[in-house]
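Report on one structure; see the data block that follows.
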Amino acid sequence: MDLAPVQNIGKGTSDQFANPQLTLGRPLTGGCAFCGHDPHLSAFGPPRNGQGFNQALSALNHGRKALEEVMSDLPGIVVTGVSGRMGQMLVKTIQASGKARLVAGVEREGSPWIGRDLGECMGGQPNGIIVTDDPVGAFAKAQGVIDFTSPAATVEFAGLAAQARAVHVIGTTGLSDADIAKLGAAARHAVIIRAGNMSLGVNLLTGLARKVAAALDEDWDIEVVEAHHRHKVDAPSGTALMLGEAAAEGRGKSLAELRTPAREGITGARSRGTIGFSAIRGGDVVGEHDVIFAADGERIVLRHLATDRSIFARGALRAVLWGQGKKPGHYDMADVLGL
């Protein structure tokens, strides 16, 4: 192959124009990864002398526009409690996923993050998303809301997300029966996906706890032991309660029927067939859960250890994407995972 045209690329030789495969020193095969357009070719033939820079700029602008068009088709997601550890992990997970767009970050009134660029607040480059304390405006432009906040805030957000017909994924723990009833009312109008834990492993553990409890009789005591970081404010954890509920279901009863009171002091002997809970708080433990089945002479221990909060963020993103187009209702992660 004659490479002279490449060496004379800036001189506009006739050989260069006769062989567009050598123009700009690379083959001109294929075009934009998004739409197939090739900005190097036009109705007027191959590039002319001095047009290289303009064509490169045109290609860059075209690619940017095509990327924006692709991104605009992805579900828009709002993260509430965006300044928290889970909130920031959710932001990173969504932005790295290529499956959804982050359209807003919501914080409580009075937060020092309000009115500031979210990327800068998180110690990175500006991303053009200004943190707001207006959930109504944020939810109106979203197809999904991911919410790891407080019970009171979650109940409020459920009503607002339902009005916006946005899928509401809830990882908030410590919800009361009254709170859950209010979520049920909102779920008549929109999709709500709520779970004490969003990770695949814990949800598999929940199914195992249910099956083991169903296979064993009441001679096997059940104890759920959980450990979390010192900052966690509720106990037992939402995950521990979820595991306890699954074990109770395995025995054909409700957790309220089988749950033993918290133990302190002289409590007397344990009642047969009950489900107990123990909580540990300390350090930076992300989350550890054991479901212990104890009988005379033997024990079975089912365990899950979480070492990185990203597992919860990935599960929440999976849930909000799964909820797109679903009928209004109150779902959980078992529905999302098909368990």
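Here this note's numbering is used: the first residue of the sequence shown is 2, the next is one more, and so on. Glycine is no exception: its CB is placed at the ideal position from the N, C-alpha and C atoms. All values derive from a computational prediction rather than experimental measurement.
Proximity of the region 247 to 254 to the region 199 to 216 meets the contact definition, three or more beta-carbon pairs being nearer than 8 Å.
Per the coordinates, the alpha-carbon of residue 220 lies some 13 Å from the alpha-carbon of residue 301. Per DSSP, the continuous beta strand (DSSP E) segment holding residue 299 begins and ends at 299 to 307.
Taking a 10 Å sphere around the C-beta of residue 234, we find fewer than 16 other C-beta atoms and assign the residue as exposed.
Runs of the alpha helix (DSSP H) lying entirely within the region 169 to 208, each at least 4 residues long, are 178 to 187 in chain order. Membership of residue 330 in the beta strand (DSSP E) is indicated by the continuous run 330 to 332. 197 is the residue among 230, 197, 340, 270 whose C-alpha sits nearest the C-alpha of residue 171.
At a Cβ-Cβ threshold of 8 Å, residue 82 and residue 174 do not count as neighbours. When the five nearest sequence neighbours on each side are left out, no beta carbon in the same chain lies closer than 7 Å to the beta carbon of residue 262. The region 279 to 286 and the region 112 to 130 do not touch, with fewer than 3 CB-CB distances between them shorter than 8 Å. In the structure shown, residue 279 falls within a strand segment according to DSSP collapsed to helix, strand and coil. Residue 290 sits away from residue 185, with the two beta carbons spaced by 8 Å or more. Separation of residue 324 and residue 143 (C-alpha to C-alpha, rounded to the nearest whole angstrom) is 13 Å. Under the three-state reduction of DSSP output, residue 82 falls in the coil class, being neither helix nor strand. Sorting 273, 327, 94, 132 by C-alpha distance to the C-alpha of residue 258 places 273 at the top. Cβ atoms of residue 130 and residue 106 come within 8 Å of each other, at about 6 Å. The Cβ atoms of residue 132 and residue 108 lie closer than 8 Å to each other. Straight-line spacing of the CA atoms in residue 86 and residue 148 works out to 12 Å. In the three-state scheme derived from DSSP, where H, G and I count as helix and E and B as strand, residue 268 is classed as coil. One Cα belongs to residue 296, the other to residue 218, and the distance between them is close to 10 Å. In the DSSP assignment, residue 228 falls within the unbroken beta strand (DSSP E) covering 222 to 229. When only Cα atoms are considered, residue 294 and residue 244 end up about 12 Å apart. Distance from the CA atom of residue 138 to the CA atom of residue 162, rounded to whole angstroms, is 11 Å. The C-beta separation of residue 313 from residue 200 comes to about 6 Å, placing the pair in contact by the 8 Å criterion. When the five nearest sequence neighbours on each side are left out, the beta carbons in the same chain lying within less than 6 Å of the beta carbon of residue 183 are those of 156, in order along the chain. Contact annotation, residue 188 with residue 76: C-beta distance approximately 19 Å; criterion of less than 8 Å not satisfied. Taking 8 Å as the cut-off, the Cβ atoms of residue 229 and residue 192 do not count as close. With at least 16 other beta carbons inside 10 angstroms of its own, residue 222 counts as buried. Collapsing the DSSP output to three states places residue 158 in a helix. Secondary structure note for residue 219: it is in no beta strand (DSSP E), with a DSSP letter that is neither H nor E. Here residue 308 is exposed: its Cβ has fewer than 16 other Cβ atoms, across all protein chains shown, within 10 Å. Contact annotation: residue 292 and residue 210 have beta-carbon atoms nearer than 8 Å. With fewer than 16 neighbouring CB atoms inside 10 Å of its own CB, residue 127 falls in the exposed class. Annotated three-state conformation of residue 213 is helix, per DSSP.
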